[in-house]
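Enquirer:
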Amino acid sequence: EETKRSGDKSERKLAHVREELLTAQRAFEERSLAFQVDHDRANEAQAEQANLSDALKAANASLHTSERQLGERDEEIRLIRELLEGEKKARALAERQRTTRDAEVAAQAVSSVAERARYNNDVQR
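So, in structure tokens, the structure goes:
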């Protein structure tokens with residue numbers, strides 16, 4: 711009878727240990743699953759961070775390209791303004807030269823008229 715009680719006690723202990731083992735195994739599986747979920751979320755967050763980093767690099771490159779193009783356009787505008795200013799000065803110079811030529815022609819005409827008048831005056835004397 712004592713052996714039977716001892717066997718029953720051992721079986722109860724063994725059943726209790728099995729139950730604790732199953733409980734521990736379930737807890738381990740739950741923690742393992744939670745760890746896997748956390749790990750998957752971390753991987754997803756890391757992938758999203760990499761995508762955002764790539765998008766930021768692309769936006770930065772686009773910004774630099776836009777800034778360079780804007781600088782080129784500013785330079786083109788400056789050159790066009792210089793050309794327009796040069797053209798304006800060239801027109802003013804051409805106008806002065808035309809006025810000077812007109813004045814020279816008028817002076818030659820006056821000189822020619824004065825010379826004829828002198829000649830006629832000399833002839834009449």
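Residue numbers for the sequence shown follow the working numbering, so the first one is 711 and each next one is one higher.
We put the CB at the ideal spot given by N, CA and C, even for glycine.
(1) Looking at the secondary structure, which residues open and close the alpha helix (DSSP H) in which R835 lies?
(2) Can you give the Cα-Cα distance for S720 and Q759, rounded to whole angstroms?
(3) Consult DSSP for E711 and reduce its assignment to one of helix, strand or coil.
Expert: The structure says:
(1) Counted from its first residue, the sequence shown places residue 835 at position 125. From DSSP, R835 is part of no alpha helix (DSSP H); its letter is neither H nor E.
(2) Stepping through the sequence shown from its first residue, residue 720 is reached at position 10. Stepping through the sequence shown from its first residue, residue 759 is reached at position 49. Each residue's alpha carbon lies about 57 Å from the other.
(3) The residue given as residue 711 occupies position 1 in the sequence shown. Note: E711 maps to coil in three-state DSSP.
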